[in-house]
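Note that numbering that gives the first Met the number 0 has the sequence shown beginning at 0, numbered continuously upward.
Ideal Cβ positions, reconstructed from N, Cα and C, are used throughout, including at glycine.
If you're wondering where the values come from, they're calculated on a predicted model, not measured in any experiment.
Scroll down for the structure; my scribbles are underneath it.
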Amino acid sequence: MPEAAEGREVRALFGLAEVEGPSMVPTLYQGDQVLIRYGARVRPGHVVILRHPLQQNLLIVKRAVQRRRGGWWVLADNPGAGADSTVYGVVPDELIMGRVLGRYRPRARDRGQRPLAGTVGWLLSAVRPVLSARPARLASWRLRAR
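In structure tokens, the structure reads:
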């Protein structure tokens, strides 16, 4: 990374990443691009980017569900498709890199012509903010996580 005049590293505030795997379906799908706000304050329900607790060179995306002593309890939106805190426990604060602010879903590549209605539908759904989960949904996650 470039260095600042005072000898400190310059860190990016925002970044982009591509989603791989089905663990966050239906919120995020394979191939989605996500906008990340590094160092953003995390609250229950936020989708976050973190270093995998058991393989720290791997970045993963999960939903922060509950603040616990020493870090965050994170879960996949698709519980049958990927490891989360039910496997590796509480994620320390220093492994949480940032919060997902939004996603861009690239247009599917096909060879045929697409009708105008299909193009308009894609345009309206391609870019969306990634919102926090509803409190009722979080409550059920907490029960499942215990």
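Same chain only: Cβ atoms within 8 Å of residue i, ignoring 5 sequence neighbours per side
i	result
P52	Y87, G88, V90, P91, L94
L12	R36, Y37, G38
Q29	V18, E19, G20, P21
Helix, strand or coil at residue i according to DSSP, with G and I counted as helix
i	result
P134	At P134, the pLDDT of 47 sits below 50, so the modelled position is not reliable and the matter cannot be decided from this model.
G69	coil
Y87	helix
A11	coil
V64	strand
R27	First, the residue type needs correcting, since residue 27 is Leu and not Arg in the sequence shown. Coil, per DSSP.
A125	helix
Spatial distance of residue i from residue j (CA atoms)
i	j	result
L100	Q32	11 Å
M96	V119	35 Å
Q54	G117	41 Å
E19	A80	12 Å
R127	R104	9 Å
R62	V47	6 Å
Contacts around residue i, its chain only, beta-carbon distance under 6 Å, and the 5 residues preceding and following it disregarded
i	result
T26	D76
S131	G44, H45
The beta strand (DSSP E) enclosing residue i, as first and last residue numbers
i	result
L49	46-51
V99	95-103
7 Å CB neighbourhood of residue i in its chain, flanking five on each side removed
i	result
V41	V47, A63, W71, I95, R98
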